[in-house]
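First to last, the sequence lines map onto chains A and B. Under the numbering used here, the letters of the first sequence match residues 99 to 302, in that order. Under the numbering used here, the letters of the second sequence match residues 99 to 302, in that order.
Number of protein chains: 2
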Amino acid sequence: MSQQPLRRVLIVDDEPPVREMLAVALEMAGFEVTEADNAATALNQVTSSIPDLMLIDWMMPQVSGLELCRRLRRNPDTASIPLILLTARGEEDAKIKGIEEPVEFTELRLDPIGQRVTAFGRLLTLSPIEYRLLQLFMTNPDRAFSRTQLLDRVWGGDVYVEERTVDVHIRRLRKALGSAHEDLIQTVRGTGYRFSTTDLDKAH
Amino acid sequence: MSQQPLRRVLIVDDEPPVREMLAVALEMAGFEVTEADNAATALNQVTSSIPDLMLIDWMMPQVSGLELCRRLRRNPDTASIPLILLTARGEEDAKIKGIEEPVEFTELRLDPIGQRVTAFGRLLTLSPIEYRLLQLFMTNPDRAFSRTQLLDRVWGGDVYVEERTVDVHIRRLRKALGSAHEDLIQTVRGTGYRFSTTDLDKAH
DNA sequence: TTCAGTCGTAACCTTTTTGTAATATTCCTA
DNA sequence: TAGGAATATTACAAAAAGGTTACGACTGAA
Chain A
99 MSQQPLRRVL
109 IVDDEPPVRE
119 MLAVALEMAG
129 FEVTEADNAA
139 TALNQVTSSI
149 PDLMLIDWMM
159 PQVSGLELCR
169 RLRRNPDTAS
179 IPLILLTARG
189 EEDAKIKGIE
199 EPVEFTELRL
209 DPIGQRVTAF
219 GRLLTLSPIE
229 YRLLQLFMTN
239 PDRAFSRTQL
249 LDRVWGGDVY
259 VEERTVDVHI
269 RRLRKALGSA
279 HEDLIQTVRG
289 TGYRFSTTDL
299 DKAH
Chain B
99 MSQQPLRRVL
109 IVDDEPPVRE
119 MLAVALEMAG
129 FEVTEADNAA
139 TALNQVTSSI
149 PDLMLIDWMM
159 PQVSGLELCR
169 RLRRNPDTAS
179 IPLILLTARG
189 EEDAKIKGIE
199 EPVEFTELRL
209 DPIGQRVTAF
219 GRLLTLSPIE
229 YRLLQLFMTN
239 PDRAFSRTQL
249 LDRVWGGDVY
259 VEERTVDVHI
269 RRLRKALGSA
279 HEDLIQTVRG
289 TGYRFSTTDL
299 DKAH
């Protein structure tokens, strides 16, 4: 590799580990890396210094990668930045589709486009955090999340709130879901919470 | 975006949709894209034409992305190609480490993603310590652990608890596993415990 | 500015988990 | 086969974890 004119790369990804991995790989490859953990920060950074390339995570809370691309394209100053959307693999595809397609379990339906949740066809009222929590859960069923993971992925990596605060929001979410669906949010003792419809019979 | 000297990009990914997506994005960004759906093909292509950058999927059947990187680094001709390993998001990391594949022995199944254990398909109720004990055992079958080792690896190195306490938890774990699986947790007299499906003890 | 909706925390309550000690059993070997 | 050592079981009180509720601080819209 003779020259290295493509120097500055801006990575936009809400998940620190992924960002870190990419950053390390790119730095080892000789690039100058800047990071942003959400679309807003990225847009901000871009105005002050135009990178030569942007790596953008498709799935991000609040403003998705796709939306970030649109905004960049809309602005003449940033319209010509080469963009690479980082998508994930196999099981992740479902998650990506999860942005555009409704997810449904046992009459509980989450519509990511309209950002609405219905139970038996009736609209539920969820606060923003409750909605994002539920979206994370429903797009990752049967997966246990620690409180820290939930904070990272629902609140965002840069805020500091008590872990116990998660419990309170779980409580609020359960309450909002109503008796018919509240047990879909299961407690994983010693760890955190999990969304699951398979309530395998307890052996005893 | 004045010049565009970094032209040729080789994408190595076994999944057509992901490859396609990256290819389209890169081509729109002005790059010249070549594709390979496995490590062998990639190595082959690289010898005939050295790309300016390679995007490599970490998780590929047969030869993993990481292994492909090593091979490229080993060869002086390809050692200096900038590489970007495409990893998936958060949860994938754990899978790469191999922690997350479900483990199963004789109808006893432990699912690390959901943090659940089932016996004959029915959910078992395990306390956090019991779960961690079982996970250690099942991921290290046929290996005897001393009480001290168990304390270190399940409780963590910084706590002080009596060694006898391990016995109590083994008892609880066996009980929770039920008669069909309790003997999988074998006592190694004078040493500690072991998880095994083969009962080699009888010989002497 | 007011009002309703959200949030994060602290406080308090309930349930589960855990560590130990005390007591039974089982093993081995003298 | 008896005795001592190593485990298995049980019971229980303390500690930890999670559930709930209440409340003050914010935020935005009216």
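Note that the Cβ used here is the ideal one computed from N, Cα and C, for glycine as well.
Quick check on the burial criterion: 16 or more other C-beta atoms within 10 angstroms. Buried or exposed for residue i?
i	result
B/Arg117	buried
B/Asn173	exposed
A/Leu221	exposed
B/Asp240	exposed
B/Lys195	With a pLDDT of only 40 at B/Lys195, under the threshold of 50, the placement of this residue in the model should not be trusted; the figure read from the coordinates follows. So B/Lys195 counts as exposed.
B/Pro210	buried
B/Val259	exposed
B/Arg287	exposed
A/Val257	exposed
A/Asp281	exposed
A/Lys193	Low per-residue confidence applies at A/Lys193: pLDDT is 39, beneath 50, and the placement is therefore not dependable enough to give any value.
B/Arg105	exposed
A/Gly188	A caution first: A/Gly188 carries a pLDDT of 32, below 50, which makes its placement in the model unreliable, though a value can still be read off. The residue is exposed, with fewer than 16 neighbouring Cβ atoms inside 10 Å.
According to DSSP, residue i sits in a beta bridge with which residue or residues?
i	result
A/Ser244	A/Gly290
A/Asp209	A/Arg214
A/Ala121	Paired residues: none, contrary to the question.
B/Ile283	B/Phe293
A/Phe203	A/Leu206
A/Glu130	A/Arg106
B/Arg220	B/Ala217
Is the CB-CB distance between residue i and residue j below 9 Å?
i	j	result
A/Ala217	A/Arg292	no
A/Thr204	A/Thr295	yes
A/Leu166	A/Ala177	no
B/Gly290	B/Arg245	yes
A/Val131	A/Ile109	yes
A/Val144	A/Phe129	no
A/Asp135	A/Asp150	no
A/Ala137	A/Met152	no
Going by C-alpha to C-alpha distance, which of the options sits closest to residue i?
i	options	result
B/Glu228	B/Asp240, B/Leu108, B/Gln213, B/Pro239	B/Gln213
A/His267	A/Tyr258, A/Ala278, A/Val252	A/Val252
A/Leu231	A/Ile283, A/Glu199, A/Gly219, A/Val257	A/Ile283
B/Gln233	B/Asp111, B/Asp265, B/Pro200, B/Asp256	B/Pro200
A/Ala278	A/Ser225, A/Asp111, A/Arg207, A/Asp150	A/Arg207
A/Ser225	A/Gln247, A/Glu202, A/Asn142, A/Leu271	A/Leu271
A/Phe235	A/Glu202, A/Asn136, A/Glu260, A/Leu141	A/Glu202
B/Ile148	B/Ile179, B/Gly276, B/Val257, B/Ala121	B/Ile179
A/Ala274	A/Thr223, A/Asn142, A/Ala121, A/Ala138	A/Thr223
B/Pro114	B/Asp265, B/Arg105, B/Glu133	B/Glu133
A/Asn142	A/Ala121, A/Arg269, A/Asp175	A/Asp175
A/Glu125	B/Glu125, B/Ser146, B/Ile182	B/Ile182
B/Val215	B/Gly254, B/Gly276, B/Arg105	B/Gly276
>> Short of 9 Å Cβ to Cβ, which residues in the region 267 to 287 of chain A face chain B?
In response: Val286, Arg287
>> Counting only Cβ-Cβ distances shorter than 7 Å, please list the residues of the region 196 to 212 of chain B near chain A, keeping chain order.
In response: Ile211, Gly212
> Given a limit of 7 Å on CB to CB distance, which residues of the region 223 to 244 of chain A reach chain B?
Replying inline: For the region 223 to 244 of chain A, the residues whose beta carbon sits under 7 Å from a beta carbon of chain B are, in order, Asp240, Arg241, Ala242.
> If you measure beta-carbon to beta-carbon, which residues of the region 130 to 154 of chain A are closer than 9 Å to chain B?
Replying inline: Ile148, Asp150, Leu151, Leu153
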